[in-house]
Amino acid sequence: MSKKFNKHMVLIMAVLLVSLILTACGGSEDTSSESSIIEAIQNSGKIVMGTSADYPPYEFHKQIDGKDTIVGFDIDIAKEIAKDLNVELEIKDMDFDGLLAALETENVDIIVAGMTPDEERSKSVDFSKVYYDPEQGLLVRNEDKDKYQSLDDLKGMKIGAQKGTIQEDVANDIEDAQVKALGKITDLVLELKNEKIDGLILAIPVAEAYDKANDDITLSPHIDFGKEGGVAVAIKKGNDELVDAINSTIDRVMEEGLLDKFIQDATALAEE
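Residue numbers (the working numbering): 193 to 464.
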C-alpha cells in the first residue's frame, strides 16, 4: 500500500470523525431543545401558580374547615389547568407587583391573578386568551356615596389603586389626582376607611365584594371607568406549547359553562 494511499485514508478517517462529533453535538442540542416546559411540569407532578390573594372574588383567603385557604374563580380556573395537565396545583401568594419578576425567574410557572394582558406586560411575558372582562368602578366611604356624580368630579382626588395594575394607570389619568399605589388591596381599603384616600379604583366585582364585607364603604353608583381589557393567564415568553394547553382549558371551561359557576361560587364565598 502506497504512502499516498495511506495519507488519503487518514484524511478520510479524520473527516468522518469530525462529522460524527458534529452530528453528536447537534443531536444533543436538539434533544435539549425538545424538552418542553409541559414535560418539566408533568415530571415535577405540579404546576406552580403565582397570585396576589387579596382580590375577591378572583382570589382571596378564606377559612375553610378551620384552615386558611386561597379560593376564588381564578383558583378554580388554575385547578382546571392543572387537571388537564394531570398535575397538582401549588399556589404562591405575593404582592401583585412582584408577580412578573417571579415568573421571569421561574419561581412560578404561570400567573393567574386578574392580570390584564396590556401592551407593556406583553413585551416581557406571553398571555393566554382573555377569559373575563369586567367594568371598573370606584369604592368610597358611605358618606361620599353621592358626592362623585361624574368623572369630572374626581379632579384632584386622593385616589388609591393596587400597584402595578391597570387601575393604577386609570388613577394616573385622572386630572390632578393624588395617586397612592400600594401592593395590597387590603391596605388600600384601610387607607380609605381611615380617610387617607378618598376613593379606591377596583374591578367592579372586587369593589362589590369589599362593599358587602364592610359596613362603612360602598361602590359608587355613579362612576364607571369602563372595561380594563380583560384578564388572562401569564406565561413566560417562548412557551407556546403551554400557552396552547392553557387556551384549550379556557375553551373547555367556557364551553362547559364552568366560568359562570366559578364566579357565582366565589362571589358567594366572598360574601359569607
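Idealized CB from N, CA, C, for every residue including glycine. Since the model is a prediction, treat every value here as computed from it, not as a measurement.
State the DSSP-derived secondary structure class of residue i, mapped to helix, strand or coil.
i: Glu327; result: strand
i: Met307; result: strand
i: Ser412; result: strand
i: Lys453; result: helix
i: Glu464; result: coil
i: Asp345; result: helix
i: Lys404; result: helix
i: Thr459; result: helix
What does a CB cutoff of less than 6 angstroms around residue i pick up in its chain, not counting 5 residues either side in sequence?
i: Ala353; result: Gln359, Glu360, Ala363, Ala373 and Ile393
i: Asp336; result: none
i: Ala401; result: Pro248, Pro249 and Ala462
i: Pro309; result: Phe319 and Ala424
i: Arg444; result: none
i: Gln341; result: His414
For residue i, report the span of its alpha helix (DSSP H) as first-last.
i: Thr441; result: Asp432 to Glu447
i: Leu292; result: Leu291 to Glu296
Determine which residues share a DSSP beta bridge with residue i and list them.
i: Ala424; result: Met307
i: Lys429; result: DSSP lists no partner for Lys429.
i: Arg333; result: Ile409
i: Asp285; result: Thr243
i: Lys419; result: Glu327
Could you spell out where the beta strand (DSSP E) holding residue i opens and where it closes?
i: Asp318; result: Val317 to Phe319
Take residue i and list the residues in its own chain whose beta-carbon comes closer than 7 angstroms to its own, dropping the five residues that flank it on each side.
i: Gly264; result: Pro248, Pro249, Tyr250, Glu251, Phe252 and Ala458
i: Asp452; result: none
i: Asn334; result: Asp408, Ile409 and Thr410
Going residue by residue through the segment 216-282, where are the continuous alpha helix (DSSP H) segments of at least 4 residues, counting only ones entirely within it?
List check, alpha helix (DSSP H) in window: 229-236 and 265-277.
Complete runs of the beta strand (DSSP E) confined to the segment 351-398 [at least 3 residues]:
DSSP runs (the beta strand (DSSP E)) wholly in the segment 351-398: 370-374 and 391-395.
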